[in-house]
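Here the sequence shown is numbered in the working numbering, starting from 4 and rising by one per residue. For reference, the structure discussed in these notes is given below.
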Amino acid sequence: MIVVVPVDPPRDGLVLASLVEETSLSSDDATRLYEAATADVLRAVASSGGDLLVNYRDEETLPDALGGEPEAEIRALAADALGGTDEVRFERQVGSTQAARVGNTVTHLLENEDATSVGVLEPTAALVARTEIDGAAMSIRRNDVVLGPAPGGRTYLAAFAEPIDFEDAYATPELSTLARRGADAGLDVGFAPMLPTVATETDLCSTIAGLEARSAAGRPLPEATATVIDDLGLVVEDGPTLARR
Numbered sequence: 004m005i006v007v008v009p010v011d012p013p014r015d016g017l018v019l020a021s022l023v024e025e026t027s028l029s030s031d032d033a034t035r036l037y038e039a040a041t042a043d044v045l046r047a048v049a050s051s052g053g054d055l056l057v058n059y060r061d062e063e064t065l066p067d068a069l070g071g072e073p074e075a076e077i078r079a080l081a082a083d084a085l086g087g088t089d090e091v092r093f094e095r096q097v098g099s100t101q102a103a104r105v106g107n108t109v110t111h112l113l114e115n116e117d118a119t120s121v122g123v124l125e126p127t128a129a130l131v132a133r134t135e136i137d138g139a140a141m142s143i144r145r146n147d148v149v150l151g152p153a154p155g156g157r158t159y160l161a162a163f164a165e166p167i168d169f170e171d172a173y174a175t176p177e178l179s180t181l182a183r184r185g186a187d188a189g190l191d192v193g194f195a196p197m198l199p200t201v202a203t204e205t206d207l208c209s210t211i212a213g214l215e216a217r218s219a220a221g222r223p224l225p226e227a228t229a230t231v232i233d234d235l236g237l238v239v240e241d242g243p244t245l246a247r248r
């Protein structure tokens, strides 16, 4: 399975903007967290049996106020995470919306490059590990679409052996929308285990709780994300709500 990770340039005000609006995190805090989560996701894919493709945002898909060289920034992030990028494929995203960008990438790989399956994995799914990625790759051999649910009716992973109608496919709630599009096309739809991302306060709280549970059980941690969360002093209080030590 080709595992596509769609990455935004890690810039203040662009990545994890909802966290800045919902919590006490600053734009710089959110950028650090995004970089860490992305690094851990890239490492998980690299350790799996999938082929990593980093799908990067370029100037044409970014707000006019955000200049710079996004490809160079994303390549540098990947190189830092993986110790080099010789084994990593980079492709530019094409499309004005998330659904268009995902749809263009998946359809191109399946129809023009004869890929047997394509998984799109969110860079904010810090807790994802080789187990979930390889499990989805096995499941997509039995199903035409495999969806990894995230809280709030979202997805952290969407894998396809056949293209679907992607127009507005990531409209809320995207999990049921993607499942319905697959079913409408006569495709078999399967599901991967649920995982949170770090994209919202509720999800970040779930991620922190997951890190604490894994640490208590002596299980491997997504090291970059765990380090940033510790550096920022982030903890979960009743609600659940995000707080600082």
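C-beta: ideal position from N, C-alpha, C; glycine also.
Subject >> Contact between the stretch 187-198 and the stretch 132-152 (3+ Cβ pairs under 8 Å) >> reply: Yes, the stretch 187-198 is in contact with the stretch 132-152.
Original post:
Thinking C-beta only, is T34 closer than 8 Å to L80?
Top reply: Here residue 80 corresponds to residue number 77 of the sequence shown, with the count starting at 1. Here residue 34 corresponds to residue number 31 of the sequence shown, with the count starting at 1. Result no, Cβ atoms of L80 and T34 do not sit closer than 8 Å.
Original post:
Counting only runs that start and end within the stretch 185-235, where is the alpha helix (DSSP H) found for 4 or more residues in a row?
Top reply: 204-219 and 226-235
Original post:
Under three-state DSSP, which class holds V123?
Top reply: Stepping through the sequence shown from its first residue, residue 123 is reached at position 120. Strand.
Original post:
Can at least three beta-carbon pairs, one atom from the stretch 53-63 and one from the stretch 91-111, be found at a separation below 8 Å?
Top reply: yes
**OP:** Taking all protein chains shown into account, decide if T175 is buried (16 or more other Cβ within 10 angstroms of its Cβ) or exposed.
**Re:** Against the sequence shown, residue 175 aligns to sequence position 172. So T175 ends up on the exposed side.
Subject >> For L65, three-class secondary structure by DSSP >> reply: Residue numbering aside, residue 65 sits at position 62 when the sequence shown is read from its first letter. L65: coil per DSSP, three-state reduction.
**OP:** Could you name the residues of the same chain whose beta carbon sits closer than 7 Å to that of T88, not counting the 5 residues immediately before and after it, in chain order?
**Re:** The residue you call residue 88 lines up with position 85 of the sequence shown. Excluding positions up to five away in sequence, the list reads R78, A81 and A82.
**OP:** Compute the beta-carbon to beta-carbon distance between V7 and G122, rounded to the nearest angstrom, for a pair I have assumed lies under 8 Å.
**Re:** Numbered from 1 along the sequence shown, position 4 holds the residue referred to as residue 7. Numbered from 1 along the sequence shown, position 119 holds the residue referred to as residue 122. Correct: roughly 7 Å between the Cβ atoms.
**OP:** Quick one: give me the first and last residue of the alpha helix (DSSP H) that V105 is part of.
**Re:** Counted from its first residue, the sequence shown places residue 105 at position 102. Its alpha helix (DSSP H) spans residues Q101 to E114.
**OP:** Please go through the same chain and pick out, in chain order, the residues whose beta-carbon is closer than 6 Å to the beta-carbon of V23, but skip the five residues on each side of it.
**Re:** Locating residue 23 in the sequence shown gives position 20, where the first residue counts as 1. Same-chain partners within the cutoff: S30 and A33.
Subject >> Inter-stretch contact at 8 Å, needing at least 3 Cβ pairs: the stretch 212-229 / the stretch 167-186 >> reply: Counting C-beta pairs closer than 8 Å gives fewer than three between the stretch 212-229 and the stretch 167-186, which falls short of the contact rule.
Subject >> Span of the alpha helix (DSSP H) around I143 >> reply: For this step, residue 143 is matched to residue 140 along the sequence shown. That residue, I143, is in no alpha helix (DSSP H); it is neither H nor E in DSSP.
Subject >> Nearest candidate by alpha-carbon position, reference G86, set A49, L245 and L178 >> reply: Here residue 86 corresponds to residue number 83 of the sequence shown, with the count starting at 1. Check the Cα spacing between G86 and each of A49, L245 and L178: the tightest is with A49.
Original post:
In terms of residue numbering, what span does the beta strand (DSSP E) encompassing P9 cover?
Top reply: Position 6 of the sequence shown, counted from the start, is the residue given in the question as residue 9. Where P9 is concerned, the enclosing beta strand (DSSP E) stretches over I5 to V10.
Original post:
Based on the DSSP output, what are the partners of V238 in its beta bridges?
Top reply: Reading the sequence shown from its first residue, position 235 is the one you call residue 238. V238 pairs with A246.
Original post:
So, using beta-carbon positions, are A140 and D43 closer together than 8 Å?
Top reply: Position 137 of the sequence shown, counting from 1, holds the residue named residue 140. Position 40 of the sequence shown, counting from 1, holds the residue named residue 43. Taking 8 Å as the Cβ cut-off, A140 and D43 do not qualify as a contacting pair.
Original post:
Between the beta-carbon of R157 and the beta-carbon of L181, is there less than 8 Å?
Top reply: Looking up residue 157 in the sequence shown gives position 154. Looking up residue 181 in the sequence shown gives position 178. No, these two residues do not count as a Cβ contact at 8 Å.
Original post:
Distance, Cα to Cα, R133 vs S51?
Top reply: For the purposes of this step, residue 133 is identified with residue 130 of the sequence shown, where counting begins at 1. For the purposes of this step, residue 51 is identified with residue 48 of the sequence shown, where counting begins at 1. About 5 Å.
Original post:
Does the distance from the CB of E135 to the CB of L198 come in under 8 Å?
Top reply: Stepping through the sequence shown from its first residue, residue 135 is reached at position 132. Stepping through the sequence shown from its first residue, residue 198 is reached at position 195. Yes. Within cutoff.
Original post:
Hey, out of L45, R14 and T203, whose CA is closest to S27's CA?
Top reply: Counting from 1 along the sequence shown, the entry for residue 27 is found at position 24. Comparing Cα positions, the closest option is T203.
**OP:** Take A246 and list the residues in its own chain whose beta-carbon comes closer than 6 Å to its own, dropping the five residues that flank it on each side.
**Re:** Reading the sequence shown from its first residue, position 243 is the one you call residue 246. Excluding residues within five positions, the ones whose Cβ falls inside 6 Å are V238 and E240.
Original post:
Would you call E114 buried or exposed, if buried means 16 or more other Cβ atoms sit within 10 Å of its Cβ?
Top reply: Looking up residue 114 in the sequence shown gives position 111. Exposed.
**OP:** Using alpha carbons as the reference points, say which of D234, G242, T205 and D233 lies closest to A21.
**Re:** For the purposes of this step, residue 21 is identified with residue 18 of the sequence shown, where counting begins at 1. Residue 21 is actually Ser in this sequence, not Ala. It is T205 whose Cα lies nearest to the Cα of S21.
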